[in-house]
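**Q**
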Amino acid sequence: MSVEEFIISVYCWVDDTFNELLKGQRLRKRGTMPSLSDPEVIAMELIGEFFGLDEDTHIWRYFREHWRNYFPGIGSRSQFSKQAANLWAVKQQLQKRVTMALGTITDPLHIVDAFPLPVSHFKRAKSCSRFKGEADYGYCASKSETYYGFKGHLLIDFNGAIAGFTLTPANDSEREAVWELTKLMKSGILLGDKGYLGADFKAELFELKAVQLETPVREKMVDQLPEKWRGQLNRVRRRVETTIGQLVKTFNIQRTKGRTLWSLTNRISRKLLSHSLCVLLNRNEGNAPLQLAQLIG
Numbered sequence: 001m002s003v004e005e006f007i008i009s010v011y012c013w014v015d016d017t018f019n020e021l022l023k024g025q026r027l028r029k030r031g032t033m034p035s036l037s038d039p040e041v042i043a044m045e046l047i048g049e050f051f052g053l054d055e056d057t058h059i060w061r062y063f064r065e066h067w068r069n070y071f072p073g074i075g076s077r078s079q080f081s082k083q084a085a086n087l088w089a090v091k092q093q094l095q096k097r098v099t100m101a102l103g104t105i106t107d108p109l110h111i112v113d114a115f116p117l118p119v120s121h122f123k124r125a126k127s128c129s130r131f132k133g134e135a136d137y138g139y140c141a142s143k144s145e146t147y148y149g150f151k152g153h154l155l156i157d158f159n160g161a162i163a164g165f166t167l168t169p170a171n172d173s174e175r176e177a178v179w180e181l182t183k184l185m186k187s188g189i190l191l192g193d194k195g196y197l198g199a200d201f202k203a204e205l206f207e208l209k210a211v212q213l214e215t216p217v218r219e220k221m222v223d224q225l226p227e228k229w230r231g232q233l234n235r236v237r238r239r240v241e242t243t244i245g246q247l248v249k250t251f252n253i254q255r256t257k258g259r260t261l262w263s264l265t266n267r268i269s270r271k272l273l274s275h276s277l278c279v280l281l282n283r284n285e286g287n288a289p290l291q292l293a294q295l296i297g
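Here the sequence shown stands for residues 1 to 297, numbered as in full-length UniProt numbering.
1) Do I189 and Q212 come within 7 Å of each other at the CB atom, strictly closer than that value?
2) What are the complete beta strand (DSSP E) segments, minimum 3 residues, inside the region 85–166?
3) In three-state terms, what does DSSP make of L190?
4) Work out the CA separation of F80 and R26 for me, nearest whole Å.
5) Decide if the region 266–277 is in contact with the region 128–138; the criterion is three or more beta carbon pairs, one per stretch, under 8 Å apart.
6) Since Q246 is in the alpha helix (DSSP H), which residue starts that stretch and which ends it?
7) Among all the DSSP beta bridges, which residues are the ones paired with E214?
8) Which class does P169 belong to by DSSP, given the choice of helix, strand or coil?
9) How would you label N171, buried or exposed, when you count the other beta carbons within 10 angstroms and need 16 or more for buried?
10) In the structure shown, what three-state DSSP assignment does A43 receive?
11) Take the Cβ of R238 as the centre, count every other Cβ of all protein chains shown within 10 Å, and call the residue buried at 16 or more, exposed below.
12) Between L117 and S37, what straight-line distance do the alpha-carbon atoms span, to the nearest angstrom?
13) For S35, which of helix, strand or coil comes out of DSSP?
14) How many whole angstroms separate the CB atoms of L109 and I42, which I take to be in contact at a CB cut-off of 8 Å?
15) Are three or more beta carbon pairs between the region 244–264 and the region 3–23 nearer than 8 Å?
16) Would you report the Cα separation of G149 and V248, rounded to the nearest angstrom?
17) Going by beta-carbon coordinates alone, are A101 and E45 separated by less than 7 Å?
18) Distance cutoff 7 Å, beta carbons only. Does T32 sit that close to anything in chain B?
19) Determine whether the beta carbon atoms of L277 and Q95 lie at a separation below 7 Å.
20) Could you tell me the distance, in whole angstroms, from the CA atom of G286 to the CA atom of L155?
21) Which whole-angstrom value describes the C-beta separation of I296 and V3, a residue pair presumed to lie in contact below a C-beta threshold of 8 Å?
22) Taking the straight line between their C-alpha atoms, what separation do you get for N282 and N252?
23) For L155, verify whether its CB is less than 6 Å away from any heavy atom of the ligand FMN.
24) Take F50 and list the residues in its own chain whose beta-carbon comes closer than 6 Å to its own, dropping the five residues that flank it on each side.
25) For K194 and P216, which I take to be in contact (beta-carbon distance under 8 Å), what is that distance rounded to the nearest angstrom?
26) Pick from D16, E145, V119, L280: whose alpha carbon is nearest that of L261?
27) Can you tell me whether DSSP reads Y196 as helix, strand or coil?
28) Quick one: grab the DSSP three-state call for W67.
29) By the 10 Å Cβ neighbour count, where 16 or more other Cβ atoms means buried, how is R30 classified, buried or exposed?
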């Protein structure tokens, strides 16, 4: 689809779903109505995130300069930012709707992984005033470095669509986050890397949630699965790396610009929603869900 068709598709989905959520009720009980409708603001946010514009100022300027005929009510930048921030709860409900449309929760197989969300590099961490008492020190194995910040925990379905996300301090265990991520899962298979390895944890997860955890084994450990099966599961498990890579490179999820935990989680939430909606639109276009580069062309 063209850029114009993409903008229209995103807006139509947001507007239709927004109206389904409100069921004819007004979101604002008093005060003057903003010049931009709430679906317009949310659509602008999600489109901007897909285009790599993760700051309100950049999104507002892009639509004011290039698509003002589609969004004639664009006012000041501050009004746009305030309205976007006040719609955080609506965007959470939209995430639930797109997750339902994709069928991610009911998928019989899920994949879990964690990735760093640094607030500051290790050398500058002591002078960093943001997120005191909330962030902590953690280690990024892929970069072999210690950082100060948070850890993002991601749950995806077999196709790579986001099924869940939670945020913890960087020093928290990956296994502890699994309980939050799988709270809506009733059963199924969960694939993870060696960070989730643990006989007691695996047994407890199966006993309490009927979720079968499968991870690679360490050296000198006996693998209960045939080598062929283990190889297939490992290939599927790496799909989460594709989703995380898109969130990092396209949606700039590691740019922790917020100064409060609320603003940080709000920024992350709209990136996740934008990714999920693009996966849905891509699937509806007949493309492979994670081939987001094919969405516009």
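Built from N, CA and C at the ideal position, the CB exists for glycine as well.
Small disclaimer: the values here were computed from a predicted structure and weren't measured.
**A** So, to answer that:
1) Counting from 1 along the sequence shown, the entry for residue 212 is found at position 212. Counting from 1 along the sequence shown, the entry for residue 189 is found at position 189. Yes.
2) As far as the region 85–166 is concerned, its whole beta strand (DSSP E) runs of at least 3 residues are 109–121, 136–140, 145–157.
3) Walking along the sequence shown from the start, residue 190 turns up at place 190. Per DSSP, reduced to three states, the secondary structure at L190 is strand.
4) Working through the sequence shown from its first residue, we reach residue 26 at position 26. Working through the sequence shown from its first residue, we reach residue 80 at position 80. Pairing R26 with F80, the inter-Cα distance amounts to about 19 Å.
5) With the rule of 3 Cβ pairs closer than 8 Å, the region 266–277 does not count as touching the region 128–138.
6) Stepping through the sequence shown from its first residue, residue 246 is reached at position 246. Membership of Q246 in the alpha helix (DSSP H) is indicated by the continuous run 239–249.
7) For the purposes of this step, residue 214 is taken as residue 214 along the sequence shown, with counting starting at 1. Bridge pairing for E214: L191 [DSSP].
8) Looking up residue 169 in the sequence shown gives position 169. Of the three classes helix, strand and coil, the one that applies to P169 here is strand, per DSSP.
9) Indexing the sequence shown from 1 puts residue 171 at position 171. That one is exposed.
10) Residue 43 sits at position 43 when you count from the first residue of the sequence shown. It is helical.
11) Within the sequence shown, residue 238 is the residue found at index 238, counting from 1. Counting of Cβ neighbours within 10 angstroms places R238 among the exposed residues, the total staying below 16.
12) As a position in the sequence shown, residue 117 is number 117, starting the count at 1. As a position in the sequence shown, residue 37 is number 37, starting the count at 1. If you draw a straight line from the Cα of L117 to the Cα of S37, it comes to about 32 Å.
13) Here residue 35 corresponds to residue number 35 of the sequence shown, with the count starting at 1. Here S35 sits in coil by DSSP.
14) Here residue 109 refers to the residue found at position 109 of the sequence shown. Here residue 42 refers to the residue found at position 42 of the sequence shown. Contact flag wrong, Cβ pair sits at about 31 Å.
15) Touching, no.
16) The sequence position of residue 149 within the sequence shown is 149, counting from 1. The sequence position of residue 248 within the sequence shown is 248, counting from 1. Pairing G149 with V248, the inter-Cα distance amounts to about 16 Å.
17) In the sequence shown, the residue the question calls residue 101 occupies position 101. In the sequence shown, the residue the question calls residue 45 occupies position 45. Their beta carbons are not under 7 Å apart, which means A101 does not touch E45 by this criterion.
18) The structure shown contains no chain B, having only a single protein chain.
19) Residue numbering aside, residue 277 sits at position 277 when the sequence shown is read from its first letter. Residue numbering aside, residue 95 sits at position 95 when the sequence shown is read from its first letter. No, the Cβ-Cβ distance between L277 and Q95 is not below 7 Å.
20) The residue you call residue 286 lines up with position 286 of the sequence shown. The residue you call residue 155 lines up with position 155 of the sequence shown. The straight-line gap from Cα to Cα measures roughly 24 Å.
21) Position 296 of the sequence shown, counted from the start, is the residue given in the question as residue 296. Position 3 of the sequence shown, counted from the start, is the residue given in the question as residue 3. About 6 Å separates the two Cβ atoms, so the contact holds.
22) By 1-based counting over the sequence shown, the position of residue 282 is 282. By 1-based counting over the sequence shown, the position of residue 252 is 252. Whole-angstrom Cα-Cα distance: 20 Å.
23) Looking for the ligand FMN in the displayed structure turns up nothing, as the structure carries no ligands at all.
24) Residue mapping note: residue 50 aligns to position 50 of the sequence shown, counting from 1. Closer than 6 Å at Cβ, skipping near neighbours: S274, C278.
25) Counting from one through the sequence shown, the residue named residue 194 turns up at place 194. Counting from one through the sequence shown, the residue named residue 216 turns up at place 216. The Cβ separation is near 6 Å, so the contact holds.
26) Along the sequence shown, one-based indexing puts residue 261 at 261. Its Cα nearest to that of L261, the residue V119 stands out among D16, E145, V119, L280.
27) Translated into the one-based positions of the sequence shown, residue 196 becomes position 196. Residue state, collapsed to three classes: helix.
28) Within the sequence shown, numbered from 1, the residue matching residue 67 stands at position 67. Note: W67 maps to coil in three-state DSSP.
29) Locating residue 30 in the sequence shown gives position 30, counting from the first residue. Around the C-beta of R30, fewer than 16 other C-beta atoms lie within 10 Å, and the residue is accordingly described as exposed.
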